[in-house]
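Data first, discussion second: the structure below is written as structure tokens.
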Amino acid sequence: MMIKVEAYVREDKFEDVKAALNAIGVNGLTVSQVMGCGIQRGYKEIVRGMQVDMQMQPKIKFEIVVSSEEWEVKTIEAIEKAAYTGEPGDGKIFTYEIRHAQKIRTKETGYDAIQATE
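Just add 372 to wherever you are in the sequence shown, counting from 1, and you've got this note's numbering.
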């Protein structure tokens with residue numbers, strides 16, 4: 373079974389999370405800069421002397437496809453440890469079962485499509 377791990381973390385935790393994933397041997401990942409809000413619904417900021425409600429928080433989205441439930445657990449633990457501050461806004465982690473994967477160039481499918489090749 374292939375599993376996609378999707379994590380939304382603080383921007384300032386990008387390097388820490390990337391290093392943690394590298395340390396456990398994660399081969400590939402996709403990273404995007406995104407905006408969103410969670411339960412806290414943003415924050416308040418002073419702009420030109422006036423308090424303004426900022427609804428959307430900048431976050432970093434990590435997308436990682438792993439080959440087993442064991443790797444799912446290892447990946448989640450690495451992200452949790454690296455991204456944790458204990459404050460609201462640390463982020464979220466979601467996992468999804470992948471039904472199909474295909475490498476376009478070689479037409480490899482399933483597990484072979486997510487493995488490193490020459």
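Just so you know, even glycine gets a beta-carbon here, dropped at the ideal spot from N, CA and C.
Within 8 Å, do at least three Cβ pairs link the segment 382 to 392 to the segment 418 to 435? Between the segment 418 to 435 and the segment 382 to 392, the count of Cβ pairs shorter than 8 Å is three or higher; the stretches touch.
Please report the distance separating the alpha-carbon of residue 473 from that of residue 376. Taking the straight line joining both Cα atoms gives about 11 Å.
Taking residue 408 as the reference, give the member of 422, 443, 463 and 373 with the closest Cα. When only C-alpha atoms are compared, the closest one is 463.
Roughly how far, in whole angstroms, is the beta-carbon of residue 441 from the beta-carbon of residue 401, given that I think they are within contact range, below 8 Å? At roughly 18 Å, the Cβ-Cβ gap does not stay under 8 Å, so residue 441 and residue 401 are not in contact.
DSSP puts residue 433 in a beta bridge; with which residues? Answer by DSSP bridge pairing, in chain order: 380 and 404.
According to DSSP, is residue 464 helix, strand or coil? If DSSP states are grouped into helix, strand and coil, residue 464 belongs with the strands.
Is the distance from the Cβ of residue 437 to the Cβ of residue 486 below 8 Å? Closer than 8 Å, so yes.
With a threshold of 7 Å on Cβ separation, who are the neighbours of residue 446 within its own chain once the five nearest residues in sequence on each side are excluded? Around residue 446: 396.
Using a Cβ-Cβ cutoff of less than 6 Å, which residues in the same chain neighbour residue 468 once the five nearest sequence positions on both sides are dropped? Excluding sequence neighbours, residue 468 sits near 376.
If you follow the alpha helix (DSSP H) that residue 441 is part of, which residue opens it and which one closes it? From DSSP, the alpha helix (DSSP H) with residue 441 extends over 441 to 455.
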